[in-house]
Amino acid sequence: MSSSGRGKVAIIGSGFVGASTAYALVLQHNAREIVLIDAIHEKAVGEAMDISHGLCFVGQINVYAGDYSDIADCDVIVVTAGRNRSPGETRLELAHKNVLIAKEITQNIMKYYTKGVILVVANPVDILTYMIQKWSGLPGGKVIGTGTALDSARFRHELAKKFKVDVRNVHGYIVGEHGDTQIPLWSATHIAGMNVVDYGNLHGNMFTEEDKEAIKENVKKAGATIIKNKGATYYAIGITVSTIVETLLKHQNTIRTVSTVIEGQYGIEDVAISLPTIINSNGAKNIIQFNITPEEERLLRESAQAVKAVLAEVNNI
């Protein structure tokens, strides 16, 4: 893919997240061609029409409904299709159902796959990223998940509010599972090049352990809070996916906390979790290992074990 980066993107699943991703890609001019694929073809047709009718205001982009055969020349294949968690349903029950859906999707993708990166968005994203890489037989870097990319964005948002600075001047990462065991890397969290605690102390805004815990919980519960208020989350994840697609198409070597299968970093292997990773048009290039604290490393390993426990229940599907 050339540095201009306006390639072809397939989005599998035309629900809230899939449609919001297509919309964000159009507004950010991050693709020249977008094909929507859905089990209910009419849903994909409707979403494509709705977006297409506004293209005269944003530029020449081809948005249409298609099928799996359209994947053959795609640069990025985004997988958003899956069920949402029902009241009373356990995370493991949801994992079983979405793993089955993802297996069928992977089989359909690989019938036509010739190139490109598979970007997994559907949940549980770490489980599905691991399983789709396994089923596809593709090199690990060619299958990545959104992982904690949105959690990291929420983390930066919370810190920007706390310290009243532009969110673009806040740098920090949520790592591990996209879920309950996710970890903020406080040792690698900075504002204007300074550790967040030092920044707060220097500018008369003390940053206590209670502040840290409150921000961690706000980030972890953000999705549930939004769902309680409006029923689903889709705008921010749509923007997140669009920015990941941009770096995949434009070969930008951007660092994102995406989910990939880990191969020995921090003593962890054979599981997909999120760590700061350089990504470009070839997919995941390499994982960046920080000098994190012993406590952060312990929590990261525990997070990996939590994901492995679920994998053990679904690995034979």
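Okay, so the sequence shown: first residue is 16 according to my numbering, each after it adds one. Don't be surprised by glycine CBs; every beta carbon is placed ideally from N, CA and C.
On the DSSP letters alone, give me the boundaries of the beta strand (DSSP E) that residue i sits inside.
i, result
"E284", "284 to 295"
"S4", "Since the displayed the chain opens at 16 and closes at 332, residue 4 lies outside it and no answer follows."
"I124", "No beta strand (DSSP E) contains I124, which is instead part of the alpha helix (DSSP H) from 106 to 127."
From which residue to which residue does the alpha helix (DSSP H) around residue i run?
i, result
"A251", "250 to 265"
"N244", "224 to 245"
"N216", "211 to 217"
"I332", "No alpha helix (DSSP H) contains I332, which DSSP labels as neither H nor E."
"I345", "Since the first residue of the chain shown is 16 and the last is 332, residue 345 is not available in this structure."
"L174", "164 to 178"
"T36", "31 to 42"
Can you find the residues in the same chain that come closer than 7 Å, C-beta to C-beta, to residue i, ignoring five residues on each side of it along the sequence?
i, result
"G74", "H44"
"G215", "F178, M221, F222"
"S296", "M16, L263, L264, H266"
"L326", "I142, Y145, V286"
"A63", "L51, V78, Y79, A80"
"V60", "A80"
"L42", "V73"
DSSP beta-bridge partners for residue i?
i, result
"A25", "V50, I92"
"Y79", "V50"
"L134", "V93, I159"
"H205", "H186, N210"
"P199", "I189"
Just to confirm my understanding: we take residue i, look at its own chain, exclude 5 residues before and 5 after, and list those with CB closer than 8 Å. What are they?
i, result
"H218", "F178"
"R98", "L109, K112, N113, I116"
"F305", "L200, S202, A203, P291"
"E317", "T196"
"I283", "I277, L315, R316, A319"
"I198", "I189, V190, G191, E311, L314, L315, S318"
"S18", "For S18, the pLDDT reaches just 40, beneath the cut-off of 50, and the residue's location in the model is therefore unreliable, although a value from the coordinates is still provided. Correct list, in chain order: K265, H266."
Less than 6 Å between C-beta atoms, sequence neighbours within five positions excluded: which residues of the same chain meet that for residue i?
i, result
"A247", "F31"
"G156", "G298, A299"
"N331", "none"
By the three-class DSSP mapping on this structure, what secondary structure does residue i have?
i, result
"A299", "strand"
"G69", "coil"
"G194", "coil"
"D181", "coil"
"G74", "coil"
"R313", "helix"
"S318", "helix"
"V325", "helix"
"M64", "helix"
"I86", "helix"
Handout entry: Cβ contact check for the stretch 168 to 185 and the stretch 119 to 126: 3 or more pairs under 8 Å
Key = no
Practice task
Please determine if the stretch 253 to 262 and the stretch 132 to 142 are in contact, where contact requires at least 3 C-beta pairs separated by less than 8 Å.
Solution key: yes
Exercise for the section: Spell out a yes or no on whether the stretch 141 to 148 and the stretch 202 to 214 are touching, meaning 3 or more CB-CB pairs, one atom from each, closer than 8 Å. Expected result: no
Practice task
State whether the stretch 51 to 70 contacts the stretch 23 to 39, with contact taken as three or more CB pairs (one from each stretch) at a distance under 8 Å.
Solution key: yes
Problem - Stretch-stretch touch, CB-based, cutoff 8 Å, three pairs: the stretch 283 to 292 with the stretch 66 to 83 - result: no
Practice task
Decide yes or no for the touch test of the stretch 306 to 323 against the stretch 181 to 189: beta carbon pairs closer than 8 Å, at least 3 of them.
Solution key: no
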